[in-house]
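Chains as they are written, first to last, in the numbering used here: chain B, 1 to 344; chain G, 1 to 543.
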């Protein structure tokens, strides 16, 4: 075969192509497609306000990204394995409320808890609630085979309602110190969350890249039947991912609660759109099997930088929602063309 | 549409060149189809057939060369309606909307008469159109309620209803069973008698001999041969396609060797509604064939052995050790390698790399404590690429960018990755070209020669040629067994339910039909997989 006679996408035979050395692989650039966007946003921020390029501001941006970031991490894992979970935005609010309800004193505070467990158990309880919500989603999606989109949409509404019912629609303050610690502590001069969130992303990225069960997510999302025929326990792994997603959302709730010192009744409300936007901008395919956590992280940073730059630039608050939506669409279009891939 | 003036060809393409970046998809090819002719276009995957179809239907503009219809130059690019009047195309993939009715599908975007759709009139028009082409389908039925064959006829009727006198059929038989193919061919012959010209693309050379007058062979983007079908030996045709000497494909089978100890034994294995209790023994060094139509139980037996289905009763053991049934991980652990029937559905993860696909079954062995080390993965993939001769740029290439035959090799590599004691392959050469088929079956033979056992489930006599013995499964029961030295005709007759005497009756529908097509009854499983060109797997994935 001297002449390669192939349709466009088919590669030339190995005999020729292998000898030519490595061409730059477009798939490798996909993860970095938002890096120029972030850079441009940095320049814009610098021009708009001298306050932008200060340590306090940048650390603040990162801290504000952590809660959204953890939800995106959870959603990215779920999306890569070919499912979706809308209820994450309710988990971030409900899990802390349930945990606090179980441990808070029954009398004396504005919010009357059950005082069933000692205060230090609040964090493990919160994570357990998150895991239980994820497992319930798994039961609906994997066990009963109902439509995942609607099932988790129902969960979103139901859990939000449960939170309102438990908290009587009020914010819960005076949370136990141990519960507030991860979201409020400073480690080495920066908020602990700023260390924890990237660490979890790195952990997740390493698991996806280097663990057999992590690699399995891509196979399950890319072609579940093939994964099953190859001996991968697709249902069990998907169920685990949904449970893990719930736990990550619960942990995001802990950070958020610690950060602001209270659980607000609307904690996380409406975030799921930002979560999906960040994931898709970051190159995660809604069809499953494609995307990296690094890409998802750049998606989160992009969205948060936009908000920060708008705030510093003195955009009137009534216009921020419009601009936020606009920026999501612009970022989506940019990432579609820098990565050169259709996002359908 | 008036019939083309006598003498001027229905379609004439000359000097067509099409490049995609550095790759040349068509290199100065020419093709002429006369009115009322059925012209076959054959070639291996990647020979340029699909690109030529795109050029002839106006979907792709060639870099050089001209296309004319009935002596008039082709319409301009983008003038879809004009192209549709010149040439109709029935694509390999179904182009109907399953949730809409037959009538709507027939006149999609062509509803006439004012602003509102007059349903009664539309159905009436559809009924007349279907009747004109002898298609037996209710215009009010939804497409999804129709059988594969009727859908295909609806598509053909729609294609012709634009007034085109030339029809391109891209692998029209891939989705049909033998009887359906017979009816399709009868219909096509009737249309040909009315002066409609056909360009017929198929991987099944037998069909070319049955239906076509003239055959054109493309190889490596070039035109190799155009000749009348009559008087062209099949060996010569294959040689033209592969560029190699005839005789390489139809290899003489070796005499049966002495088989070793049993590697796979089933006792009373049964799955209600699929196959009756089955006692099967595959010995080391032996390739056993399970012949029979896809729906006849063979595929279900393969899937049960692989752990994808849970049997109602019976036992499986590998090298004397019992295997837990109904669990793929246990089957893999026991040493059963599995090549699924449909690589697109169960075989490959298209967007991921070769390395990832090949190592799906061995992820536990590529690093300590559940880790998968990329370096080891790539190294493993490189060995597999080398040993199976997969044509790829490297282990990181996405599987979707490979040609059909190479994708199938990836699936087989995945099955062989754990060095199975027995390889269960369901239609291992499904939808690949002649040369790839030979290579793939050669791999299966080598596995057995290396001391493992192999079980091939297929309804194609060609696939079973490498077997040491063949069991025929009909309606879930083993009805016949052949040692070495069976003939196509007796095997096919057995697969058709011992209907050797009925061969004459069927011959009325499939004139001159021999083993090549008749053994393909009930092939629903092949929907959309038969003989894909390299491009198809990449849709929506690669940039």
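Built from N, CA and C at the ideal position, the CB exists for glycine as well.
Ranked by how close their Cα comes to the Cα of residue 317 of chain G, the residues G/325, G/439 and G/125 have G/325 in first place.
The C-beta of residue 99 of chain G has fewer than 16 other C-beta atoms within 10 Å across all chains shown, which makes the residue exposed. Counting along the chain, no beta strand (DSSP E) covers residue 283 of chain B, and no H or E run does either. By the criterion of a C-beta distance shorter than 6 Å, residue 391 of chain G is surrounded in its chain by 406, once the five residues flanking it on both sides are discounted. Residue 222 of chain B has a beta carbon lying within less than 8 Å of a beta carbon in chain G. As DSSP reads the structure, residue 89 of chain G sits in a beta bridge with G/168. Under the 8 Å criterion on CB atoms, residue 348 of chain G is classed as interfacial with respect to chain B.
Within chain G, the C-beta atoms nearer than 7 Å to that of residue 226 of chain B come from 346, 347, 348 and 349, in chain order.
Taking the CA atoms as reference points, residue 309 of chain B sits about 26 Å from residue 187 of chain B. Taking a Cβ-Cβ threshold of 9 Å, none of the residues of chain G is close to residue 293 of chain B; the smallest such distance is about 16 Å. With a threshold of 8 Å between beta carbons, residue 414 of chain G makes contact with chain B. Within chain B, 229 have C-beta atoms less than 8 Å from the C-beta of residue 306 of chain G, given in sequence order. In this chain, residue 322 of chain G is not harboured by any alpha helix (DSSP H); it is covered by the beta strand (DSSP E) spanning 321-323. At least one beta carbon of chain G lies nearer than 8 Å to the beta carbon of residue 289 of chain B. Under the DSSP definition of a beta bridge, residue 425 of chain G partners with G/339 and G/456. Secondary structure at residue 78 of chain G: coil, using DSSP grouped into helix, strand and coil. The residue among B/287, B/331, B/258 and B/327 with its C-alpha nearest the C-alpha of residue 93 of chain B is B/258. Ranking B/100, B/90, B/323 and B/248 by CA distance to the CA of residue 266 of chain B puts B/90 first.
Residue 211 of chain B has a beta carbon lying within less than 8 Å of a beta carbon in chain G. Under DSSP, residue 287 of chain G forms a beta bridge with G/454. Against chain B, the beta carbon of residue 101 of chain G has no neighbour under 8 Å; the closest one sits roughly 26 Å away.
Contact annotation: residue 254 of chain B and residue 332 of chain B have beta-carbon atoms that are not nearer than 8 Å. Residue 233 of chain B belongs to the set of residues whose beta carbon lies under 8 Å from a beta carbon in chain G. Between residue 415 of chain G and residue 339 of chain G the beta-carbon gap is near 5 Å, inside 8 Å, which marks them as a contact. Within chain B, the residues 215, 218 and 219 have their CB atoms less than 8 Å from the CB of residue 356 of chain G, given in chain order. Measuring C-alpha to C-alpha distances from residue 246 of chain B to each of B/55, B/311, B/70 and B/52 identifies B/70 as the nearest.
Within the same chain, Cβ atoms closer than 7 Å to the Cβ of residue 8 of chain G are found at 70 and 71, the five residues on either side in sequence being excluded.
Scanning the segment 120-150 of chain B for uninterrupted beta strand (DSSP E) segments of 3 residues or longer gives nothing; none is fully contained.
Nearest Cα to residue 428 of chain G within the set G/451, G/60 and G/460: G/460.
By the CB criterion at 8 Å, residue 290 of chain G and residue 184 of chain G fall outside the cutoff. The segment 136-149 of chain G makes no contact with the segment 71-85 of chain G: fewer than 3 CB pairs, one atom from each, lie closer than 8 Å. In this structure residue 196 of chain G is buried. Its beta-carbon is surrounded by 16 or more other beta-carbon atoms within 10 angstroms. Uninterrupted beta strand (DSSP E) stretches at least 3 residues long and entirely within the segment 28-54 of chain G occur at 38-42, given in chain order. Straight-line spacing of the CA atoms in residue 156 of chain B and residue 252 of chain B works out to 16 Å. Inter-segment contact for the segment 294-313 of chain B and the segment 71-83 of chain B is present: three or more beta-carbon pairs are separated by less than 8 Å. Nearest to residue 306 of chain G by alpha-carbon distance, out of B/326, B/228 and B/57, is B/228.
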